[in-house]
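In the numbering used here, the protein residues as written are 16 to 352.
Every residue, glycine too, gets a C-beta built ideally from N, C-alpha and C.
Note that the structure is a prediction, hence the values are computed from the model and not measured.
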Ligand code: TRP
């Protein structure tokens, strides 16, 4: 029996953080043994809003690969793919962009939100960035993936992929399966500042590569009240657990549910300090990160192994991609000789 296929990916724009782990990597880890997985380092996509930061993207391709190895993704089981190693990504993006109504892109809620951020930051928005949902459809379709594990914010893109697949198949014949999205256990992790999303660009992330002291400093500085309306001045003040970033992180990473229930009930009753709840979180996160740090240290000295992993995964995907593109050109009748 052939296993169903997965494609999913990340942009190489910086070190990965706890939000990537809870929202995606944890999910990938459990899926890598059940599915034929292609994990994409989307460097074309990163160009969309980092065209003047090529060095950062190049560095980050390595950092992402190291982060993946450090959390335990296994390049002998799953394929790590560098998007630009397989230029078929660009070719399929071009064909699909002919099938994509401009209107649909303009209405895409994820794209809209990201564009608003970009415009505010630097008043530049390129056609390439605007087209990234289409390039992402090409990513998913090249290996003909059945399942796409993603964070909650990416779900509209998968819906969009399904629409384009139906249109393609209807117009040119059945070439692609309709992929499904799969959201992780923690759909979205708030930032240490309480903002909706942990993100490198907002400088509110705890990175998988942060040392123990950095984790301590970041957690100790976390806000506990997003609304700003319920300042808790002393440990005897009754506290609010719901939507409290410190407790959201406990929920995501503390596996000792008895301890967590105890902390919550004492917090509500005003019988534990913010400091103690944070100290416990520091311990929980550092325990979680320790094995990741160890594995990273091992791979850091083995750059050739990392390179081989990227190369062999990319080559595996390239074979599939070449086959898919032959079918696409055939179906669209763009062969003239
Ligand atoms: N857009 C994703 C991110 O922001 C990365 C990505 C690129 C992706 N291609 C993909 C995700 C295909 C899922 C499927 O990290």
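Taking only three categories from DSSP, how would you classify residue i?
| i | result |
| --- | --- |
| residue 24 | strand |
| residue 50 | coil |
| residue 172 | helix |
| residue 196 | strand |
| residue 262 | helix |
| residue 31 | coil |
| residue 55 | strand |
| residue 297 | helix |
| residue 241 | coil |
| residue 321 | helix |
| residue 183 | helix |
| residue 97 | strand |
| residue 248 | coil |
| residue 222 | strand |
| residue 164 | strand |
| residue 287 | coil |
| residue 313 | helix |
| residue 211 | coil |
| residue 158 | coil |
| residue 60 | helix |
| residue 151 | helix |
For residue i, would you say it is in contact with chain C, using Cβ-to-Cβ distances shorter than 7 Å as the test?
| i | result |
| --- | --- |
| residue 300 | Here chain C cannot be found, since the structure has a single protein chain. |
Return the residue from the list the options that minimises the CA-CA distance to residue i.
| i | options | result |
| --- | --- | --- |
| residue 162 | 185, 198 and 142 | 198 |
| residue 353 | 268, 177, 253 and 97 | Because residue 353 is not part of the residues shown, which for the chain are 16 to 352, the question remains open. |
| residue 88 | 343, 118 and 321 | 321 |
| residue 227 | 303, 325 and 281 | 303 |
| residue 223 | 24, 41 and 17 | 41 |
| residue 264 | 295, 251 and 55 | 295 |
| residue 101 | 345, 327, 271 and 233 | 327 |
| residue 300 | 250, 333 and 225 | 225 |
| residue 141 | 306, 248 and 130 | 130 |
| residue 96 | 266, 262, 31 and 80 | 80 |
| residue 247 | 217, 286 and 273 | 286 |
| residue 116 | 145, 65, 332 and 17 | 145 |
| residue 114 | 182, 289 and 280 | 182 |
| residue 166 | 60, 23, 71 and 272 | 23 |
| residue 47 | 339, 292 and 164 | 164 |
| residue 55 | 330, 310 and 185 | 330 |
Is residue i near the ligand TRP - that is, is its Cβ less than 6 Å away from at least one heavy atom of it?
| i | result |
| --- | --- |
| residue 176 | no |
| residue 21 | no |
| residue 163 | yes |
| residue 285 | no |
| residue 155 | yes |
| residue 151 | yes |
| residue 60 | yes |
| residue 290 | no |
| residue 338 | no |
| residue 25 | yes |
| residue 57 | yes |
Taking its Cβ as the centre, do 16 or more other Cβ atoms sit within 10 Å of residue i, making it buried, or is it exposed?
| i | result |
| --- | --- |
| residue 229 | exposed |
| residue 350 | exposed |
| residue 234 | buried |
| residue 253 | exposed |
| residue 45 | exposed |
| residue 169 | buried |
| residue 63 | buried |
| residue 318 | exposed |
| residue 76 | buried |
| residue 245 | exposed |
| residue 82 | buried |
When the distance is taken between beta carbons, is residue j closer than 7 Å to residue i?
| i | j | result |
| --- | --- | --- |
| residue 238 | residue 209 | yes |
| residue 21 | residue 160 | yes |
| residue 196 | residue 173 | yes |
| residue 34 | residue 204 | yes |
| residue 50 | residue 19 | yes |
| residue 37 | residue 307 | no |
| residue 58 | residue 98 | yes |
| residue 217 | residue 153 | no |
| residue 336 | residue 90 | no |
| residue 32 | residue 213 | yes |
| residue 94 | residue 274 | no |
| residue 61 | residue 72 | yes |
| residue 312 | residue 187 | no |
| residue 148 | residue 123 | yes |
| residue 267 | residue 201 | yes |
For residue i, is the beta carbon positioned less than 6 Å from some heavy atom of the ligand FMN?
| i | result |
| --- | --- |
| residue 297 | Looking for the ligand FMN in the displayed structure turns up nothing; the ligands present are the ligand TRP. |
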